[in-house]
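Below is one structure, written out as structure tokens; the observations come after it.
Residue numbers (our numbering): 13 to 199.
Below, the structure written as structure tokens:
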């Protein structure tokens, strides 16, 4: 039965400091929002997610904030199936960092593109600096999914991780179309 299949997936959540990575993960895992800010070093959480009738056993790695000078930790690239790249809609700098982080991952892994979701966080705040169209355009440029969220109001939080699983499956070699085989018949 398809619902009985269990697949293990590792998802890394990356982005600048103070963009809402931990709030997103905690809202998804524990269903609550923490108002105060405590910088994260790194935390890993586990949760089973049922997506399209398949049970996924997911390890979600909540990482420390990145900047343009941060060296990508190999733990955040090797063995990772999908990436959630988070920016705050109230911070132009955090949005600009998404392309930098994406490029670091792609260069580190030596591949052309990665399964990822671009997430515009903190939509509950009024001081927007990044328009939705900009997030969508970036996602389209790097062939990724895109969504905006509010961890505080629990808007689209679960959808982020469903989109990430969809991106993982879309990039999976088993989902690539079989090359057309030309057949000859000799009579």
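Think of the CB as a built atom: it goes at the ideal place given N, C-alpha and C, for glycine as much as any other residue.
Here the structure is a predicted model, which is why all the values come from computation and not from measurement.
Three-way DSSP call (helix, strand, coil) for residue i in this model
i	result
residue 62	strand
residue 122	coil
residue 153	helix
residue 171	helix
residue 37	helix
residue 114	helix
residue 145	helix
residue 24	strand
residue 178	helix
residue 48	coil
residue 80	coil
residue 136	coil
Sequence-distant residues of its chain with Cβ nearer than 6 Å to residue i (five each side left out)
i	result
residue 107	99 and 142
residue 146	none
residue 137	102
Residue i versus residue j - alpha carbon distance
i	j	result
residue 69	residue 144	31 Å
residue 129	residue 25	10 Å
residue 105	residue 61	32 Å
residue 31	residue 133	7 Å
residue 165	residue 56	23 Å
residue 20	residue 71	8 Å
residue 171	residue 39	12 Å
residue 112	residue 88	15 Å
residue 109	residue 178	24 Å
residue 42	residue 22	18 Å
residue 93	residue 82	21 Å
residue 74	residue 53	8 Å
residue 84	residue 49	23 Å
Buried versus exposed, by CB contacts within 10 Å (16 or more), residue i
i	result
residue 122	exposed
residue 65	exposed
residue 47	exposed
residue 102	buried
residue 119	exposed
residue 91	exposed
residue 78	buried
residue 16	Unreliable placement is indicated for residue 16, whose pLDDT of 49 sits below 50; no coordinate value is reported for it.
residue 28	buried
Cutoff 7 Å; reference residue i; Cβ partners in own chain excluding five residues on either side
i	result
residue 175	129, 157 and 159
residue 126	95, 117 and 118
residue 154	114 and 125
residue 151	130, 157 and 158
residue 169	36, 39, 40, 161 and 163
8 Å Cβ shell around residue i - same chain, five flanking residues per side excluded
i	result
residue 35	45, 46, 133, 163 and 164
Any non-hydrogen atom of the ligand NAD closer than 6 Å to residue i Cβ
i	result
residue 152	Ligands displayed in this structure: none; no statement on the ligand NAD is therefore possible.
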